[in-house]
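Everything on this sheet refers to the single structure shown next.
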Amino acid sequence: MTNEEIHAHHNDSMAHHFILLGFSDLPKLQGFLSGVFAIMYLAVLTGNSLIIIIIRLDPILQRPMYFFLANFSSLEICYVSVTLPRVLFNIWTQERTISRVSCATQLCFFLILGNTECFLLAVMSYDRYVAICNPLHYGLIMNPKKCAQLAGGSWLGGIPVQIGQTCQIFSLHFCNSNQINHFFCDIPPILQLACGDTSAHEASVYVVVMLVAAVPFMLILASYSKIISTILRLPTAKGRTKAFSTCSSHLLVVVLFFGSATITYFRPKSSHSAGTDKLLSLVYTVVTPMLNPLIYSLRNKDVIASLKKIISQSTASRFSLIC
Numbered sequence: 170m171t172n173e174e175i176h177a178h179h180n181d182s183m184a185h186h187f188i189l190l191g192f193s194d195l196p197k198l199q200g201f202l203s204g205v206f207a208i209m210y211l212a213v214l215t216g217n218s219l220i221i222i223i224i225r226l227d228p229i230l231q232r233p234m235y236f237f238l239a240n241f242s243s244l245e246i247c248y249v250s251v252t253l254p255r256v257l258f259n260i261w262t263q264e265r266t267i268s269r270v271s272c273a274t275q276l277c278f279f280l281i282l283g284n285t286e287c288f289l290l291a292v293m294s295y296d297r298y299v300a301i302c303n304p305l306h307y308g309l310i311m312n313p314k315k316c317a318q319l320a321g322g323s324w325l326g327g328i329p330v331q332i333g334q335t336c337q338i339f340s341l342h343f344c345n346s347n348q349i350n351h352f353f354c355d356i357p358p359i360l361q362l363a364c365g366d367t368s369a370h371e372a373s374v375y376v377v378v379m380l381v382a383a384v385p386f387m388l389i390l391a392s393y394s395k396i397i398s399t400i401l402r403l404p405t406a407k408g409r410t411k412a413f414s415t416c417s418s419h420l421l422v423v424v425l426f427f428g429s430a431t432i433t434y435f436r437p438k439s440s441h442s443a444g445t446d447k448l449l450s451l452v453y454t455v456v457t458p459m460l461n462p463l464i465y466s467l468r469n470k471d472v473i474a475s476l477k478k479i480i481s482q483s484t485a486s487r488f489s490l491i492c
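Numbering (the numbering used here), first residue to last: 170 to 492.
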């Protein structure tokens, strides 16, 4: 065994754990970042839980569109919970070490839930397509069984692929360093730690991204091309405005999520910048889930009306108890 091989073997044995550098390069802002991330996490939990509760309680919202929205809000809670609690723990304790198994587990769940988000966004666009382009058959096509199958497929469809991808990535030998210059275990910063040529692994990442992200995105584009074509043919301006309003919230979430994720994963390894990657990752891992309740509630009259009704009923019941 050559000296280089011995050195690589020694460094690889050190990679039984990693160090998540996170935002350690901003030592004077640790308290500020802790407060910001804690508020953001609380906002994600509160806002998305509120949407789920409203949809569960109001019979008027027992429709496929809101069934998928409740699934989406549940997903956002899970998605953020994979990364943000660890970020807060690292800041509060300044303990940035994470075991190889924990890192692989975090990455696996992150990829699976990201996969679910891609599929669920595509399913939600299909739901809007059927509602606008085939309104007379909407109830027949989007029946409860079909909705449950679409939601279940979205949650479970990517599990085998992402488990395989996680195993492939963590079968690499890590000898460059064990310091991950990111706030969670993500593919690009982990590949930067690997020894030797990782072009084959990068290619496999691109293939998987094409399957689980680009294909759903193309389906979304196809759905919206049909939707827009149908809306433009509606005879009244009021009808066009109403149809657009039911789609605009979903379309905004699609742009935020797919835009930032695509820039992150489709860039070559050599062009990755730690600062840019962290910023882009914050958009689709934290900012989009935090904005989801605002985007859907403020632009949806049914959700606002249901929220007002629940608040008024709660206020009335409290008043009656006091009296």
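Ideal placement from N, C-alpha and C gives every residue a C-beta, glycine not left out. From a predicted model like this one, the values you see are computed outputs, not experimental measurements.
Practice task
Can you tell me which of the three DSSP states Ser-268 falls into?
Solution key: Correct three-state label for Ser-268: strand.
Exercise for the section: Please classify Gln-318: does DSSP put it in a helix, a strand, or coil? Expected result: Gln-318 sits in a helix when the DSSP states are folded into three classes.
Handout entry: Runs of beta strand (DSSP E) lying entirely within the region 228-310, each at least 3 residues, in chain order
Key = DSSP assignment within the region 228-310 yields the following whole beta strand (DSSP E) runs of 3 residues or more, N-terminal first: 266-268.
Practice task
Determine the contact status of Met-293 and His-419, defining contact as a CB-CB distance below 8 Å.
Solution key: Going by beta carbons, Met-293 and His-419 fall inside the 8 Å limit.
Exercise for the section: Mind checking who Phe-343 pairs with in its DSSP beta bridge? Expected result: Ala-363, per the DSSP bridge assignment.
Handout entry: Met-459 vs Ala-207 beta-carbon contact at 8 Å
Key = Contact: no.
Handout entry: Stretch-stretch touch, CB-based, cutoff 8 Å, three pairs: the region 377-390 with the region 287-305
Key = Taking a contact to require three or more Cβ pairs closer than 8 Å, the region 377-390 and the region 287-305 qualify as touching.
Exercise for the section: Can you have a look at His-178 and say buried or exposed, based on whether 16 or more other CB atoms are within 10 angstroms of its CB? Expected result: Note on His-178: pLDDT 46, under 50, position unreliable in the model; no value is reported.
Exercise for the section: Give the secondary structure of Leu-189 by DSSP, where H, G and I count as helix, E and B as strand, and everything else as coil. Expected result: In the structure shown, Leu-189 falls within a strand segment according to DSSP collapsed to helix, strand and coil.
Practice task
Determine the direct distance from the alpha carbon of Thr-215 to that of Thr-274, and round the result to whole angstroms.
Solution key: Rounded to the nearest angstrom, the two C-alpha atoms are 26 Å apart.
Handout entry: Buried or exposed by the 16-neighbour rule on C-beta atoms within 10 Å, applied to Leu-401
Key = When all chains shown are included, Leu-401 counts as exposed.
Problem - Segment contact, 8 Å Cβ cut-off, at least three pairs: the region 275-287 with the region 323-342 - result: Touching, yes, given that three or more Cβ pairs across the two stretches are closer than 8 Å.
Handout entry: Distance between Ala-300 and Cys-493 (C-alpha atoms, nearest Å)
Key = Because the chain here runs from 170 to 492, residue 493 falls outside it and cannot be looked at.
Handout entry: Distance CB(His-186)-CB(Ile-260) smaller than 8 Å
Key = No, the pair does not count as a contact, with Cβ atoms beyond the cut-off.
Problem - His-351, buried or exposed, once every other Cβ within 10 Å from all chains shown has been counted against 16 - result: Burial call: buried.
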